[in-house]
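In my numbering, the protein residues as written are 536 to 615.
For each residue, glycine too, the CB sits at the ideal point set by N, CA and C.
All values derive from a computational prediction rather than experimental measurement.
Step one of this worksheet: look at the structure below.
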């Protein structure tokens, strides 16, 4: 359990750093820089919850599996 927490914390920290770098690049090269949009890998369990109409549970599960923010999880789940 502690390892999962540490992994999520590290992933969040790395994501925050990448977001900061992307913001700086966008400021430096406003006409040339295109923000990276990775296609999220959605666990099968999350897809199953979405198909069952359990949106809130799907968002919670996606967040717990990926460590993303609530807004990011909503965006991914709503895009399915």
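When the options are compared against residue i, the one with the closest alpha-carbon
{"i": "residue 543", "options": "569, 560, 599, 555", "result": "599"}
Proximal residues to residue i (C-beta, below 7 angstroms), its chain only, five neighbours per side dropped
{"i": "residue 561", "result": "568, 570"}
{"i": "residue 609", "result": "594"}
Rounded Cβ spacing between residue i and residue j (contact assumed at less than 8 angstroms)
{"i": "residue 615", "j": "residue 585", "result": "5 angstroms"}
{"i": "residue 588", "j": "residue 546", "result": "29 angstroms between Cβ atoms; not a contact."}
Contact set for residue i: own chain, Cβ-Cβ below 6 angstroms, skip 5 residues either direction
{"i": "residue 558", "result": "none"}
{"i": "residue 613", "result": "none"}
Endpoints, alpha helix (DSSP H) assigned at residue i
{"i": "residue 543", "result": "537-563"}
{"i": "residue 569", "result": "From DSSP, residue 569 is part of no alpha helix (DSSP H); its letter is neither H nor E."}
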